Each structure stands twice: as structure tokens, then as C-alpha cells.
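Remarks on the structure that follows.
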Amino acid sequence: MDWLYSLFVEHSALQAVVVLSLISAIGLGLGKIHVCGISLGVTFVFFAGIIAGHFGLSIDPQMLNYAESFGLVIFVYALGLQVGPGFFSSFRKGGLQLNMLAAGVVFIGTLLTVLGSYGLGVSLPDMVGILCGATTNTPALGAAQQTLKQMGLETSTPALGCAVAYPLGVVGVILALLFIRKTLAHKEDLELKEKDDVNKPYIVAFQVHNPAIFNKSIKEIGGLNSYPKFVISRLWRDGNVSIPISEKIIKEGDRLLVITSEKNTPALTVLFGEQENTDWNKEDIDWNAIDSQLISQRIVVTRPELNGKKLGSLHLRNHYGINISRVYRSGVQLLATAELTLQLGDRLTVVGEAAAIQNVAKVLGNAVKSLKEPNLVAVFIGIVIGLALGAIPISIPGISAPVRLGLAGGPIIVGILIGTFGPRMHMVTYTTRSANLMLRALGLSLYLACLGLDAGAHFFDTVFRPEGLLWIATGFALTVVPVLIMGIVTFKWLKIDFGTMAGMLCGSMANPMALNYANDTIPGDNPSVAYATVYPMCMFLRVIIAQVLLMFFING
1 MDWLYSLFVE
11 HSALQAVVVL
21 SLISAIGLGL
31 GKIHVCGISL
41 GVTFVFFAGI
51 IAGHFGLSID
61 PQMLNYAESF
71 GLVIFVYALG
81 LQVGPGFFSS
91 FRKGGLQLNM
101 LAAGVVFIGT
111 LLTVLGSYGL
121 GVSLPDMVGI
131 LCGATTNTPA
141 LGAAQQTLKQ
151 MGLETSTPAL
161 GCAVAYPLGV
171 VGVILALLFI
181 RKTLAHKEDL
191 ELKEKDDVNK
201 PYIVAFQVHN
211 PAIFNKSIKE
221 IGGLNSYPKF
231 VISRLWRDGN
241 VSIPISEKII
251 KEGDRLLVIT
261 SEKNTPALTV
271 LFGEQENTDW
281 NKEDIDWNAI
291 DSQLISQRIV
301 VTRPELNGKK
311 LGSLHLRNHY
321 GINISRVYRS
331 GVQLLATAEL
341 TLQLGDRLTV
351 VGEAAAIQNV
361 AKVLGNAVKS
371 LKEPNLVAVF
381 IGIVIGLALG
391 AIPISIPGIS
401 APVRLGLAGG
411 PIIVGILIGT
421 FGPRMHMVTY
431 TTRSANLMLR
441 ALGLSLYLAC
451 LGLDAGAHFF
461 DTVFRPEGLL
471 WIATGFALTV
481 VPVLIMGIVT
491 FKWLKIDFGT
501 MAGMLCGSMA
511 NPMALNYAND
521 TIPGDNPSVA
531 YATVYPMCMF
541 LRVIIAQVLL
551 MFFING
């Protein structure tokens with residue numbers, strides 16, 4: 001039986017891999033269990049590690065430190081890559097207001113953490129750990145632990161604080177939403193309301209009466225900076241409909257079918273001269289007459305050399321006589337303007353003759369299988385740059401020691417930046433959703449298994465002591481109070497719909513379990529949209545604040 005002892009007990013590289021794999025497998029298996037519609041998912045690995053640690057299972061400290069660090073880096077970098085494309089765009093439109101409200105949740109929780117540390121006599125590192133558990137934010141805990149290591153302080157007690165506060169952190173958001181729903185919401189507030197998206201592609205017909213654009217090409221008209229972007233999909237002249245190329249000359253009386261955003265219609269009416277009746281399939285104009293000669297096909301951009309290029313630079317309309325009506329990217333519909341920067345994985349809706357579309361498919365690639373090949377070069381380069389950024393000391397006034405973004409902060413920032421700007425630098429950053437989820441789940445499982453294993457030895461001793469009960473109550477307050485305050489402000493004062501409010505609150509607390517509850521009980525996709533809008537910024541804020549709090553108040 002010596003081989004069993006060496007496999008599970010005796011410290012070695014093999015034993016570390018076996019123990020961490022076993023903890024991860026058990027935790028992930030238990031995470032699939034739903035209780036009252038709630039599942040902890042991958043977070044159950046944390047508690048499986050705690051149980052293993054409680055019963056005396058351990059691995060070599062250096063292996064533990066390596067696996068924990070590597071898992072955290074993989075997770076936060078993959079997370080940054082995922083949220084990067086929507087990070088900066090989330091501040092546009094109503095997203096700015098939602099992000100400000102979500103930031104309010106973050107800052108109220110931070111303020112309560114500082115006040116609680118002084119008022120309750122709980123050390124700030126422990127309070128930060130409790131805050132991370134209350135907000136179900138293990139990456140922030142990783143950032144805090146890295147900061148404490150740099151300061152030469154104990155890192156295990158914050159993990160204990162996170163562990164005892166985590167379960168009620170999940171449930172607390174749901175209870176707060178239930179309270180707002182029962183006390184402030186009416187039946188009509190929970191019903192799905194139609195909401196117009198003024199930025200989605202909109203089809204409108206115009207007749208040309210503006211002398212300023214007579215005898216000018218579509219390319220020249222489209223280049224006028226004082227007017228919004230548009231795509232002319234069809235032109236009716238002398239009883240015939242055609243798909244115009246960019247060099248086509250526009251004449252007086254031409255009738256145009258234009259794709260733009262609905263909010264741009266008044267400005268384009270001024271540009272072209274007259275907006276046609278919304279029933280644009282009139283008896284005297286058959287826009288569909290050309291359809292018998294045309295087909296519509298969705299083509300995927302898979303050629304790496306097109307990554308970061310402008311759509312207009314390909315001259316597809318002029319060379320092949322086709323029209324690109326829409327572009328889909330990560331489920332979002334975009335207007336196919338000449339200035340649009342293409343990214344690997346973009347799906348273009350192309351209208352034209354069959355032979356022309358086949359040629360366009362060759363230009364764009366349309367080799368969907370190639371997208372499934374992993375682009376690991378960008379992943380490892382990003383991790384190296386992220387770790388280098390995380391190691392740079394940053395001096396902040398009022399803090400004696402320099403702040404470092406660390407293992408969590410550096411990679412998530414670089415992940416966001418590469419996810420956003422990588423394609424513009426012709427860097428292939430595309431990964432399939434399943435590949436990104438695999439990276440994140442692998443990294444998070446490793447990190448949580450190590451975290452739980454390290455905290456498990458003293459977990460139950462902590463919970464059943466008076467200060468353990470205080471930590472649980474404090475964590476519950478840090479979960480519920482910020483959510484209730486900003487939930488009431490958002491729903492009652494600002495009159496934002498209940499679904500959007502719920503998604504914003506779940507995103508600000510990085511709580512996908514509560515989001516699942518919201519999606520199951522509220523019709524429509526408003527909760528998911530709001531969650532995705534605020535999640536990137538709140539994740540970034542919490543990772544940075546966890547470090548700044550410790551550096552400022554301990555060294556300050």
C-alpha cells in the first residue's frame with residue numbers, strides 16, 4: 001500500500017497533481033447540484049478544498065504556491081480577453097449610468113469595509129477577505145493576497161474570511177432582490193416591455209432631391225464627415241433596381257434603400273432630400289425585383305491577415321458587385337460601414353449573385369473550422385506582458401510603499417486591452433467561447449482548490465468561534481446593505497426597470513448565481529445585458545481596490 005501513500009499523502013509533484021485534480025473533480029461535480037434553483041458551480045471546488053484541508057490533506061507549499069498563482073493568472077487573463085471587446089463600449093449610451101450605479105455598489109461596500117475594520121476591531125486584511133467573500137469575488141482575494149505577500153504579512157486569514165462569508169454572499173444578493181421585489185415592485189414592473197434599440201441597423205428609403213449630392217459618387221457622399229454613417233443597399237432608377245457600387249454616381253430623383261441607425265434618419269433626410277413612406281415596397285417600386293438573381297449568405301472572417309483591416313479597404317462592393325448589409329460580432333449586430341474594423345470571427349451578411357458570393361467567401365476565408373484552432377501565442381504573450389505590468393511599482397501619494405497590480409491586476413488589464421485593441425494591431429486574439437470558458441474554468445479550479453486546501457486546516461475552528469460568527473454577520477451586511485441602497489436608488493428614484501436593475505446589481509457583485517435567479521424569474525434579457533455592461537468595470541475596480549485598501553491603510 002506504499003504506492004497509495006505516495007500517491008495521496010507523501011509530498012511530491014505527482015501527489016500535488018493528484019490531490020488538486022481530485023479536489024477539482026469532486027468540487028465541479030458537486031457544483032452541478034442545484035438547491036432552490038441556485039448552484040455554486042465551480043466555486044464548490046473552494047469548499048471541497050476546505051474539507052480536504054480540514055481532514056489533514058496537504059501538498060508541498062511551493063507546489064501549492066505555484067499552482068495557485070498559475071491558476072489565478074490564467075483565469076483573470078482569460079476573463080480580460082472575454083470582457084475586453086465590450087469593456088469600453090459599455091460606457092456608451094445608457095451603459096455609463098449603469099456603470100456609475102454599479103460603481104456606487106462597489107464604493108459603498110469599500111466604505112463599510114473600512115468602517116467595519118475600525119468599529120468591529122477586525123483587522124483590515126481579514127475585512128478585505130470578508131469583503132471578497134461577500135461579493136463572491138475570488139480574483140480580488142487573489143490580488144489582496146499577493147499584496148500581503150509583498151508586504152510580508154499573513155495571507156491565510158483573508159482566505160478564511162472569504163470562505164466564511166462566501167455562502168451568504170451568494171444568497172444575500174438574491175434575498176435583497178426578493179426584498180425589493182416584494183416591497184417596491186408591482187406586477188407591471190416585472191412584465192416584459194418593448195424597448196427600442198436606436199442603434200441597431202434600420203432600413204429606410206429616400207428619394208434624392210438635394211442638389212449638393214447630384215452627380216457625386218456614393219463614396220464621395222459617404223465621406224462627408226458632417227453626416228452619420230450609412231450603407232446604400234439598393235438603388236432604383238428608370239424602373240430598375242440594382243446593388244450600387246461605391247463609384248456609382250447618384251442623380252436627381254434616384255430612390256435609395258439605406259441601412260443606418262434609426263436615430264440617424266432625420267440627418268440623412270437632410271442629406272438626400274426626402275424620406276419615402278415607411279411602406280417602402282410601393283406599387284411603383286419593387287425593391288425585391290432583383291431578389292430572384294441574388295442570394296443572401298453569412299460569411300465568416302477567418303483569414304488572419306484581415307484581422308484589424310477596415311471593411312472599406314477590401315473594396316468588396318466594387319470588385320464583386322455585392323452588398324454587405326450587417327456584421328455580427330459576439331452576438332452584437334453592427335452597421336457595415338467602410339470604417340468598420342474587422343476582427344477574426346466576424347460574421348458578415350452578404351447579398352449578391354451566387355458566383356460573386358463564392359469569390360467573397362474566398363477573400364474573407366469562411367473556413368469556420370480554422371477558428372477552432374487555439375491561438376495560444378497571444379495568450380502566453382499577454383500573460384508575460386500582464387505579469388510584467390503587475391510587477392511595476394506604482395507610487396501613489398499618501399502610501400509609503402509602491403503599489404503593484406500583481407498577479408491578478410496586471411493580467412486582467414492586459415487581457416482587457418488586448419481583447420479590445422489587439423485586432424487593430426493585427427494581433428489574432430480570437431478564441432472560441434468554449435475555449436475561453438475552458439481556460440477560465442481550469443485556472444479558477446486550480447486557484448480555488450489551492451485556496452481551499454490552504455484555508456481548510458483552520459476553517460471550522462474559525463467559524464465556530466465568536467469572531468467567526470461575527471465574520472459571517474459582517475459578510476452578510478457587506479452583501480446586502482450596498483445592494484439594497486443602490487437597488488432602491490436605481491429602481492425607485494431613477495425609475496430604471498426591475499430587470500435592468502437586477503442585472504446591474506448582480507454584475508456589480510460578480511454574482512452569476514444571482515443572475516441565473518434573475519433570468520429565471522424576470523422575462524426578457526435585460527438582466528443579462530445589464531450584467532454584461534457593468535461586470536468588466538466592477539471586476540477591475542474590485543481587484544484594484546482590494547490592493548489599494550491594504551497598501552493605503554496599513555502602510556499609510
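530 is the number that our numbering gives to position 530 of the sequence shown; each next residue is one higher, with no gaps.
The C-beta atom is built at its ideal place from N, Cα and C for all residues, glycine as well.
All values reported here derive from a predicted model rather than from experimental measurement.
Would you report the Cα separation of residue i and residue j, rounded to the nearest angstrom?
i, j, result
"HIS315", "ARG542", "45 Å"
"PHE44", "GLY31", "5 Å"
"SER296", "GLY352", "7 Å"
"PHE540", "ILE412", "8 Å"
"GLY390", "SER156", "22 Å"
"GLN146", "ALA356", "57 Å"
"ILE383", "LYS216", "50 Å"
"VAL42", "SER233", "47 Å"
"PRO374", "THR432", "8 Å"
"LEU335", "ALA134", "41 Å"
"VAL106", "THR113", "11 Å"
"VAL198", "PHE552", "Low confidence applies here, because VAL198 scores a pLDDT of 48, under 50, leaving its location unreliable; read the following figure in that light. When rounded, the distance between both Cα atoms is 44 Å."
"TYR227", "GLN150", "54 Å"
"TRP236", "LYS310", "28 Å"
"LEU148", "ASN307", "41 Å"
"LEU364", "ILE250", "29 Å"
"GLY222", "PHE230", "7 Å"
"ALA103", "LEU478", "15 Å"
"GLY487", "LEU168", "18 Å"
"VAL463", "GLY172", "18 Å"
"ASP196", "MET63", "Because the pLDDT at ASP196 is just 48, under 50, the model does not fix this residue reliably, and the value given afterwards should be weighed accordingly. Spanning the two alpha carbons is a distance of roughly 54 Å."
Tell me which residues share the same chain as residue i and place their Cβ nearer than 8 Å to its Cβ, disregarding the 5 neighbours each side in the sequence.
i, result
"VAL122", "GLY116, ILE130, GLU467, LEU470, TRP471, THR474"
"ILE381", "none"
"MET425", "GLY308"
Going by beta carbon distance, what residues of the same chain come within less than 7 Å of residue i, once the five residues before and after it are set aside?
i, result
"GLN519", "A small fix is needed here, since residue 519 is Asn in this sequence, not Gln. These residues qualify, in order along the chain: PRO527, SER528."
"HIS11", "ILE59, ASP60"
"ASN359", "TYR320"
In the structure shown, what three-state DSSP assignment does residue i receive?
i, result
"VAL170", "helix"
"ALA502", "helix"
"TYR227", "coil"
"LEU235", "strand"
"ILE522", "coil"
"ALA205", "strand"
"LYS495", "coil"
"GLY365", "strand"
"SER557", "Nothing can be reported for residue 557, as the shown portion of the chain is limited to 1 through 556."
"LYS32", "coil"
"SER21", "helix"
"GLY119", "helix"
"SER217", "strand"
"ALA185", "coil"
"ARG542", "helix"
"GLY109", "helix"
List the whole-angstrom C-beta distance separating residue i from residue j, where the pair is believed to meet the contact cut-off of C-beta under 8 Å.
i, j, result
"ILE174", "TYR535", "Actually they are not in contact, since the Cβ atoms of ILE174 and TYR535 sit about 17 Å apart, beyond 8 Å."
"GLY49", "GLY456", "6 Å"
"GLY95", "THR533", "5 Å"
"ARG347", "VAL300", "5 Å"
"GLY84", "THR420", "4 Å"
Report all residues from its chain with a CB closer than 6 Å to the CB of residue i; omit the five preceding and five following residues, and keep chain order.
i, result
"GLY443", "GLY71, ILE74, PHE75"
"THR500", "ASN526, ALA530"
"LEU177", "ALA502"
"ALA546", "VAL128, ALA140, ALA143, ALA144"
"VAL327", "LEU334, ALA336, ASP346, LEU348"
Next item on the list: Could you tell me which uninterrupted alpha helix (DSSP H) segments, each at least 4 residues in length, are contained entirely in the segment 287 to 359, listed from first to last along the chain?
Entry: 316 to 320
Check: Going along the chain, which unbroken runs of the alpha helix (DSSP H) with 4 or more residues stay wholly within the segment 370 to 458?
Finding: 376 to 391, 406 to 421
Check: What are the complete beta strand (DSSP E) segments, minimum 3 residues, inside the segment 238 to 280?
Finding: 240 to 242, 255 to 261, 273 to 275
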